[in-house]
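**Q** Input: one structure, supplied below.
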Amino acid sequence: MNVVGVLPVTDHAKAVAWYQKWVGRAPDVEPMEGIAEWQLAENAWIQVAVDPGSAGGTTVVVGVEDLDAQRSACAAVEVAVGEVSDHGFVKTAEAVDPAGNKILFVQESREP
Numbered sequence: 001m002n003v004v005g006v007l008p009v010t011d012h013a014k015a016v017a018w019y020q021k022w023v024g025r026a027p028d029v030e031p032m033e034g035i036a037e038w039q040l041a042e043n044a045w046i047q048v049a050v051d052p053g054s055a056g057g058t059t060v061v062v063g064v065e066d067l068d069a070q071r072s073a074c075a076a077v078e079v080a081v082g083e084v085s086d087h088g089f090v091k092t093a094e095a096v097d098p099a100g101n102k103i104l105f106v107q108e109s110r111e112p
């Protein structure tokens with residue numbers, strides 16, 4: 001099984017540039033005009049697709065081992081990430097792409 005999180009955008013070039021900075025590489029696949037995909041894990045992908053009517057309304061949750069390290073890595077490539085919210089069992093921080101879609105970074109608590 002594979003999972004693909006689809007992020008609708010208004011401007012393909014801006015979206016590809018932003019995700020390329022965050023992921024650290026060009027898209028793995030551009031199957032057709034207006035669509036770009038990156039593989040984030042063995043069976044997990046994100047896809048940006050031009051769809052102005054739906055742009056900005058999607059959230060993709062990305063689990064990370066170290067939220068502070070993720071925030072630092074994003075800052076190093078000028079991808080803004082909000083402050084950390086501690087919910088007890090998880091910590092979260094959010095980045096917003098140029099279309100308004102949200103990438104929610106989540107670190108599970110190591111304590112029982």
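Heads up: the sequence shown at position 94 corresponds to 94 in UniProt numbering, and the numbers run straight through without jumps. Backbone N, C-alpha and C fix where the C-beta goes; we use that ideal spot for every residue, glycine too.
Comparing C-alpha positions only, which one of Arg71, Ile103 and Gly53 sits nearest to proline 8?
**A** As a working mapping, residue 8 is identified with position 8 in the sequence shown. If we check each option's Cα against that of proline 8, Gly53 comes out closest.
**Q** Kindly identify the DSSP beta-bridge partner or partners of tryptophan 45.
**A** As a working note, residue 45 is residue 45 in the sequence shown. Val4 and Gln39.
**Q** Output yes or no for whether 8 Å exceeds the beta carbon distance between alanine 36 and valine 23.
**A** Here residue 36 is taken as the residue at index 36 of the sequence shown, counted from 1. Here residue 23 is taken as the residue at index 23 of the sequence shown, counted from 1. Not a contact, by the Cβ cut-off of 8 Å.
**Q** Looking at the secondary structure, which residues open and close the beta strand (DSSP E) in which alanine 95 lies?
**A** One-based indexing of the sequence shown puts residue 95 at position 95. Note, alanine 95: beta strand (DSSP E), 90-96.
**Q** I'd like the list of long-range same chain contacts for threonine 10, defined as Cβ closer than 6 Å, with 5 residues on each side in sequence excluded.
**A** On the sequence shown, residue 10 is found 10 positions in, with the first residue counted as 1. Counting only Cβ-Cβ distances below 6 Å, and skipping sequence neighbours, we find Pro52, Ala55 and Ala99.
**Q** With C-beta atoms as the reference, is leucine 67 less than 8 Å away from alanine 95?
**A** Working through the sequence shown from its first residue, we reach residue 67 at position 67. Working through the sequence shown from its first residue, we reach residue 95 at position 95. No.
**Q** Give the straight-line distance between the Cα atoms of glycine 88 and glutamate 65, rounded to the nearest whole angstrom.
**A** Against the sequence shown, residue 88 aligns to sequence position 88. Against the sequence shown, residue 65 aligns to sequence position 65. Using only the alpha carbons, I get a separation of about 16 Å.
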